[in-house]
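Engineer: Structure in structure tokens, see below.
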Amino acid sequence: MLRYALRRVPSALLVLAIASVVVFGVLHLAPGDPAVLAAGPDASARTVAVVRHQLGLDASLPRQYLSWLGGVLTGDLGDSYVRGVPVATLIGNGLGNTLELTLGAIVLAVLLGGPAGLVLGVAKGRLIRGATAAATALAFAIPPYVSGVLLVMVFAITHRILPAGGHISLTADPELGVQYLIMPALALALPAAAVLARFLSTSIRRVFDEDYIRIGTAKGLRRRRIVLCHALPNALPPVLTVLGIQIGQMLGGAIVVEAIFAWPGVGQLIIDSLKSSDYFVVQNLLLITVTVFVVLQTLTDLLHAAVDPRLRMERA
Amino acid sequence: MTGQRGQPARRTVLAAGLLLGTGPLNTACRSAVAEQQGSGGGPRHGGTLHMVQGTDILPAFLLSQINPNFSVSRTVFNTLTELDHRTLRPRPSLAKSWRVTDGGRTHVFQLRDDVRFHSGRPFGPDDVVFVLDHLTKDTTSSQVKSVAQQVTSAERTGDHEVTVGFGKAVSNVWDMFEMMVMIDRESVTDLASGREIIGTGPFTVESYKPGSSISLKRNRHYWKPGRPYLDGIEIAIAAQSSTAVASLRSGQTHLALDLSPLDAAGIRDRPGFRLVQSDAHDLTYYIGANVKVPPLDKVEVRQAVAWAVDRQRVLAQALGGIGRPSSLPWSPASAAWDPDRAAAYTLDPEKAKRLLRQAGAAGATVDLYYSNTLATNAAIAQIVQANLEDIGLTCRLRPKQDAEYQKLFVSGKIPGLFVNGHGFGQLTPSTLVKGAWPFNAQQNASNFRDPEYSRLAEEIWTGKGDALTAAYRDLNELLLREQFVIDLINSTHTYAIQASLQGLAWTMYDGIDLDNAYLA
Numbered sequence: 262m263l264r265y266a267l268r269r270v271p272s273a274l275l276v277l278a279i280a281s282v283v284v285f286g287v288l289h290l291a292p293g294d295p296a297v298l299a300a301g302p303d304a305s306a307r308t309v310a311v312v313r314h315q316l317g318l319d320a321s322l323p324r325q326y327l328s329w330l331g332g333v334l335t336g337d338l339g340d341s342y343v344r345g346v347p348v349a350t351l352i353g354n355g356l357g358n359t360l361e362l363t364l365g366a367i368v369l370a371v372l373l374g375g376p377a378g379l380v381l382g383v384a385k386g387r388l389i390r391g392a393t394a395a396a397t398a399l400a401f402a403i404p405p406y407v408s409g410v411l412l413v414m415v416f417a418i419t420h421r422i423l424p425a426g427g428h429i430s431l432t433a434d435p436e437l438g439v440q441y442l443i444m445p446a447l448a449l450a451l452p453a454a455a456v457l458a459r460f461l462s463t464s465i466r467r468v469f470d471e472d473y474i475r476i477g478t479a480k481g482l483r484r485r486r487i488v489l490c491h492a493l494p495n496a497l498p499p500v501l502t503v504l505g506i507q508i509g510q511m512l513g514g515a516i517v518v519e520a521i522f523a524w525p526g527v528g529q530l531i532i533d534s535l536k537s538s539d540y541f542v543v544q545n546l547l548l549i550t551v552t553v554f555v556v557l558q559t560l561t562d563l564l565h566a567a568v569d570p571r572l573r574m575e576r577a
Numbered sequence: 458m459t460g461q462r463g464q465p466a467r468r469t470v471l472a473a474g475l476l477l478g479t480g481p482l483n484t485a486c487r488s489a490v491a492e493q494q495g496s497g498g499g500p501r502h503g504g505t506l507h508m509v510q511g512t513d514i515l516p517a518f519l520l521s522q523i524n525p526n527f528s529v530s531r532t533v534f535n536t537l538t539e540l541d542h543r544t545l546r547p548r549p550s551l552a553k554s555w556r557v558t559d560g561g562r563t564h565v566f567q568l569r570d571d572v573r574f575h576s577g578r579p580f581g582p583d584d585v586v587f588v589l590d591h592l593t594k595d596t597t598s599s600q601v602k603s604v605a606q607q608v609t610s611a612e613r614t615g616d617h618e619v620t621v622g623f624g625k626a627v628s629n630v631w632d633m634f635e636m637m638v639m640i641d642r643e644s645v646t647d648l649a650s651g652r653e654i655i656g657t658g659p660f661t662v663e664s665y666k667p668g669s670s671i672s673l674k675r676n677r678h679y680w681k682p683g684r685p686y687l688d689g690i691e692i693a694i695a696a697q698s699s700t701a702v703a704s705l706r707s708g709q710t711h712l713a714l715d716l717s718p719l720d721a722a723g724i725r726d727r728p729g730f731r732l733v734q735s736d737a738h739d740l741t742y743y744i745g746a747n748v749k750v751p752p753l754d755k756v757e758v759r760q761a762v763a764w765a766v767d768r769q770r771v772l773a774q775a776l777g778g779i780g781r782p783s784s785l786p787w788s789p790a791s792a793a794w795d796p797d798r799a800a801a802y803t804l805d806p807e808k809a810k811r812l813l814r815q816a817g818a819a820g821a822t823v824d825l826y827y828s829n830t831l832a833t834n835a836a837i838a839q840i841v842q843a844n845l846e847d848i849g850l851t852c853r854l855r856p857k858q859d860a861e862y863q864k865l866f867v868s869g870k871i872p873g874l875f876v877n878g879h880g881f882g883q884l885t886p887s888t889l890v891k892g893a894w895p896f897n898a899q900q901n902a903s904n905f906r907d908p909e910y911s912r913l914a915e916e917i918w919t920g921k922g923d924a925l926t927a928a929y930r931d932l933n934e935l936l937l938r939e940q941f942v943i944d945l946i947n948s949t950h951t952y953a954i955q956a957s958l959q960g961l962a963w964t965m966y967d968g969i970d971l972d973n974a975y976l977a
């Protein structure tokens, strides 16, 4: 197993090396000049040249690449060209906020999608099932940038119950923080909740066709007990897989929601940095994303190999 | 087993649901919205002002005039003097008084002796000397650097006195002192990154989260007795103008900066809100023309464009009616303002067509560039395109990502027309032709160079009396004739506020002044 794990490392490193070259190259081919922005408004050509030199942007591209890579490998991500702030600080702040938003959305997606799926799967009343089906269809159909605006209109402008945007960390002030979190998390959660509900209902109905459920019914078990103690636990595993996929989609969707609710997460950071050609920030963010993906992929492969010895043998 | 595990799980789920879903509805809880409401009444101490702006502050550019810093340049910092909005003469601030001698070449300032930086260190003459020196550095960004470069000596001449000598007397010295915020020399290396933002102003920086928010706290040792009224200021960043509007309308925010003109106009008539327009009128929208690119190298073509644009339509449809049509860069307070000449170009498609024929450019094609991140500029570009098509010019819109647009703009390599906005028309005219890139007489975004223009720029920088008046007149004629910058609308910065915010003020360079602000 150890040998198998060690064999996976070089390919993971190769992928990361290629990714770093691609990320660096693509961003430096993009139009715009960070030195112009870093030099400030109405800067003279001389000032721009001095700033370009100071930032090392007048060096050859291979030299800039190696300098950046050297920094990354030694834990120095450099400073933002435009803001002058360490990139690690910017990414650290943004990442924490995005995770907070995504976790809130996951909780809401489960809270909303779980019961809805249960109703769709087991409820006998046509009215309640029809209403739930319509609600999930609506939640799935409305994209977060629309539901976000609607939520703001209703709960922030018309009724003034919740703040329209902004962010207070849950760790800094849980009571106020949760109020800032509800609407963006809800906008992000609704489509995922709808997907969860649909998958859960399908899964439950499939389980209801199993013999052990029929036996339970024949033995006179109460329907509530059958649903909660037998059908639901057995219907959940495939739904958890779907939830995992939805989490990935929510992380992507967070960019839009962050913009609507002025939520200072990674999505906002990427957009701001791209607008201002702040290459260092974008480069590092993309490389971190690729690294996370490669590490997860490698861990998954190792996990598969651990539970299935044939895999190790095949790839030996 | 499953059922036993299931029961507590359901309770947990319900509790979490209640916490997430109904927490804010519980009247016993604190409300994020209610915490930002004023309590009514007249001037009073206390309260936190909530402000929202479109982009993050950029502390590295505090010595420049840039929009993102308007929220901190006068709340955290002070300047030696402040220009009176009516007379445009300097008023005391950190300098109590001053003497100007030697034909305007020597300025002796008596400084206040009761001013401390937020770090506790006393403010003194050495700080003024430091900032003047810092202004001239290559890496320091400032539009008044050319003035600072005229300083030949700056020295402490007393415990609270500093003497500044200039190589020659220039007309926009007070513009420089208005923009020259007193940054702390001991923490200047940490200023650009925002790790230490230390001034002498009414508020201290409590915390700064780059890209997210800035928290300011009342400076209890502020040199103005009893000021400021407010306990603090919370500044949030909202990149979307619509988000800022929603925040304002929800009662969460008291003051929104940088709203797009159409969003700002939407606030104007709503009860409970006010749209305050700055009297600086320091925002002029224009079309620039690269005079090296055919057919714009012919002055008749540039004039034809000036006659073709429907300024009234631009004002109504792109700027929500905020501003006035103008063919000159100056605002009415400027010494170079001339109302007749400002109305020189109006909509006259026939005249424009004649000029195009005269130049042999009828049916020619021009490209029109603009930054696609600025909705106002995009709206103006579309109107201009339609107007140019009306006179027989084929106009191709060339929206560019902001970074690319800025690169082209600064390098003077925009191959055609470009839509943009400029400032510096509100104060001393020489600051425009010496410091603003669209007009800079030495080198500018349009690549327009002309000995007469350079001479006039120098004349209005150093001239006096009748000669100066004549130079303003000649400069206006040159600008109207050459049309390398085709001014369209003289507008202004707006502040969208809740009616509860009283005492809002600003400097002539648009820094928010909250010394006397309070929440009624």
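Protein chains in written order, with my numbering: chain A, 262 to 577; chain B, 458 to 977. Built from N, CA and C at the ideal position, the CB exists for glycine as well.
Anything in chain A within Cβ reach of E663(B), meaning under 8 Å, just list it in chain order.
Structural biologist: Taking the first residue of the second sequence as position 1, residue 663(B) is located at position 206. Those do not exist, as E663(B) stays about 13 Å from chain A at its closest Cβ, beyond 8 Å.
Engineer: Thinking C-beta only, is A400(A) closer than 7 Å to A446(A)?
Structural biologist: One-based indexing of the first sequence puts residue 446(A) at position 185. One-based indexing of the first sequence puts residue 400(A) at position 139. When the beta-carbon positions are compared, A446(A) and A400(A) stay at least 7 Å from each other.
Engineer: Counting along the chain, where does the beta strand (DSSP E) carrying K439(B) start and finish?
Structural biologist: Any question about residue 439(B) goes unanswered here, given that chain B covers just 458 to 977.
Engineer: Using a Cβ cut-off of 7 Å (strictly closer), state whether F518(B) contacts chain A.
Structural biologist: Stepping through the second sequence from its first residue, residue 518(B) is reached at position 61. The beta carbon of F518(B) sits closer than 7 Å to some beta carbon of chain A.
Engineer: If T919(B) and V627(B) are in contact, beta carbons under 8 Å, what's the gap, nearest whole angstrom?
Structural biologist: Here residue 919(B) is taken as the residue at index 462 of the second sequence, counted from 1. Here residue 627(B) is taken as the residue at index 170 of the second sequence, counted from 1. The Cβ separation is near 6 Å, so the contact holds.
Engineer: Please list, in chain order, the residues of the segment 268–301 of chain A that have any C-beta partner in chain B closer than 7 Å.
Structural biologist: Those would be P292, G293, D294, V297, L298, A300 and G301, in chain order.
Engineer: If you check the beta carbons only, do E618(B) and Q567(B) fall under 7 Å apart?
Structural biologist: Translated into the one-based positions of the second sequence, residue 618(B) becomes position 161. Translated into the one-based positions of the second sequence, residue 567(B) becomes position 110. Yes. Within cutoff.
Engineer: Output yes if chain B places a C-beta closer than 7 Å to the C-beta of K239(A); else output no.
Structural biologist: Outside the shown range of chain A, which is 262 to 577, sits residue 239(A), and nothing can be said about it.
Engineer: Specify the secondary structure class of H314(A) as computed by DSSP and reduced to three states.
Structural biologist: Walking along the first sequence from the start, residue 314(A) turns up at place 53. The three-state secondary structure of H314(A), taken from DSSP, is helix.
Engineer: Does I523(B) get closer than 7 Å to chain A when you measure Cβ to Cβ?
Structural biologist: The residue you call residue 523(B) lines up with position 66 of the second sequence. At least one chain A Cβ lies under 7 Å of I523(B).
Engineer: Mind listing which residues of the segment 879–896 of chain B have their C-beta closer than 8 Å to chain A's C-betas, in chain order?
Structural biologist: Hits within the stretch, in order: G892, A893 and W894.
Engineer: Once DSSP output is grouped into helix, strand and coil, what is the label at Y952(B)?
Structural biologist: Walking along the second sequence from the start, residue 952(B) turns up at place 495. Residue state, collapsed to three classes: strand.
Engineer: Sort out for me which residues DSSP pairs G745(B) with in a bridge.
Structural biologist: As a working note, residue 745(B) is residue 288 in the second sequence. BP columns for G745(B) point to F875(B) and V942(B).
Engineer: Using the C-alpha atoms, what's the distance from G729(B) back to W794(B)?
Structural biologist: One-based indexing of the second sequence puts residue 794(B) at position 337. One-based indexing of the second sequence puts residue 729(B) at position 272. Going from the Cα of W794(B) to the Cα of G729(B) covers about 36 Å.
Engineer: Is there a C-beta anywhere in chain A that falls below 7 Å from the one on E861(B)?
Structural biologist: Against the second sequence, residue 861(B) aligns to sequence position 404. Yes, E861(B) lies at the interface with chain A (some Cβ there is under 7 Å from its Cβ).
Engineer: For I694(B), return the contacting residues in chain A, with the cut-off set at a CB-CB distance below 8 Å.
Structural biologist: In the second sequence, the residue the question calls residue 694(B) occupies position 237. A523 and P525, listed in chain order.
Engineer: Do the CB positions of N933(B) and L785(B) come within less than 7 Å of each other?
Structural biologist: The count along the second sequence starts at 1 and reaches residue 933(B) at position 476. The count along the second sequence starts at 1 and reaches residue 785(B) at position 328. Yes, these two residues count as a Cβ contact at 7 Å.
Engineer: If you follow the beta strand (DSSP E) that L673(B) is part of, which residue opens it and which one closes it?
Structural biologist: For the purposes of this step, residue 673(B) is taken as residue 216 along the second sequence, with counting starting at 1. Taken as a continuous stretch (DSSP letters only), the beta strand (DSSP E) holding L673(B) covers S670 to R675.
Engineer: Assuming P292(A) and E861(B) make a contact with CB atoms under 8 Å, what is their CB distance in whole Å?
Structural biologist: On the first sequence, position 31 is the one that residue 292(A) refers to. On the second sequence, position 404 is the one that residue 861(B) refers to. Confirmed, Cβ separation roughly 4 Å.
Engineer: For chain B, find out if any of its Cβ atoms is closer than 7 Å to the Cβ of P424(A); answer yes or no.
Structural biologist: Against the first sequence, residue 424(A) aligns to sequence position 163. With respect to chain B, the C-beta atom of P424(A) has a partner C-beta closer than 7 Å.
Engineer: Which bits of chain B does T363(A) rub up against, with CB to CB less than 8 Å?
Structural biologist: What you label residue 363(A) is simply residue 102 of the first sequence in a count that begins at 1. Within chain B, no residue comes near T363(A); the closest Cβ sits about 15 Å away, beyond 8 Å.
Engineer: Nearest to D797(B) by CA position, among W787(B), V702(B) and D570(B), is which residue?
Structural biologist: Start at 1 with the first residue of the second sequence, and residue 797(B) comes out as number 340. In terms of Cα proximity to D797(B), the closest of W787(B), V702(B) and D570(B) is W787(B).
Engineer: Would you mind telling me which residues of chain A sit closer than 7 Å to R706(B), beta carbon to beta carbon, in chain order?
Structural biologist: Taking the second sequence and counting its residues from 1, one reaches residue 706(B) at position 249. Going along chain A in sequence order, the residues near R706(B) (Cβ under 7 Å) are I418.
Engineer: Decide if P516(B) is buried, meaning its Cβ has at least 16 other Cβ atoms within 10 Å, or exposed.
Structural biologist: In the second sequence, the residue the question calls residue 516(B) occupies position 59. Buried.
Engineer: Do you know how far the Cα of T397(A) is from the Cα of S717(B)?
Structural biologist: In the second sequence, residue 717(B) corresponds to position 260, counting from 1. In the first sequence, residue 397(A) corresponds to position 136, counting from 1. Taking the straight line joining both Cα atoms gives about 36 Å.
Engineer: Taking buried to mean at least 16 other C-beta atoms within 10 Å of its own C-beta, is Q606(B) buried or exposed?
Structural biologist: Indexing the second sequence from 1 puts residue 606(B) at position 149. The residue in question, Q606(B), is exposed, as its Cβ has fewer than 16 Cβ neighbours within 10 Å.
Engineer: Does the distance from the CB of A450(A) to the CB of A370(A) come in under 7 Å?
Structural biologist: For this step, residue 450(A) is matched to residue 189 along the first sequence. For this step, residue 370(A) is matched to residue 109 along the first sequence. A distance below 7 Å separates the beta carbons of A450(A) and A370(A).
Engineer: Note down, in chain order, each residue of its chain lying with its Cβ closer than 8 Å to the Cβ of Q600(B), except the 5 sequence neighbours on either side.
Structural biologist: Your numbering for residue 600(B) matches position 143 in the second sequence. Excluding sequence neighbours, Q600(B) sits near S521, Q522, M636, F881, T888, G892 and A893.
Engineer: Contact criterion: CB-CB distance below 7 Å. Does D303(A) meet it with respect to chain B?
Structural biologist: Locating residue 303(A) in the first sequence gives position 42, counting from the first residue. By this cut-off, D303(A) is an interface position.
Engineer: Show which residues of chain A have a CB atom less than 8 Å away from the CB atom of T830(B).
Structural biologist: Taking the first residue of the second sequence as 1, we reach residue 830(B) at position 373. Simply K536.
Engineer: Taking buried to mean at least 16 other C-beta atoms within 10 Å of its own C-beta, is P271(A) buried or exposed?
Structural biologist: Here residue 271(A) refers to the residue found at position 10 of the first sequence. So P271(A) ends up on the exposed side.
Engineer: Closer than 7 Å by C-beta to K755(B): which residues in its own chain qualify, once you throw out the five before and the five after it? Chain order, please.
Structural biologist: As a working note, residue 755(B) is residue 298 in the second sequence. Hits under 7 Å: A816 and A818.
Engineer: Jot down the residue ranges of each uninterrupted beta strand (DSSP E) in the segment 283–335 of chain A, minimum 3 residues, whole runs only, in chain order.
Structural biologist: none
Engineer: How is Y679(B) classed by DSSP in three states: helix, strand or coil?
Structural biologist: Position 222 of the second sequence holds residue 679(B). Looking at Y679(B) - three-state DSSP - the assignment turns out to be coil, as it is neither helix nor strand.
Engineer: Pairs of beta-carbons, one from the segment 489–508 of chain A and one from the segment 322–339 of chain A, closer than 8 Å: are there three or more?
Structural biologist: no
Engineer: Under 8 Å Cβ-Cβ, which residues of chain B neighbour N354(A)?
Structural biologist: Counting from 1 along the first sequence, the entry for residue 354(A) is found at position 93. Within 8 Å Cβ-Cβ: K666, P667, G668 and S669.
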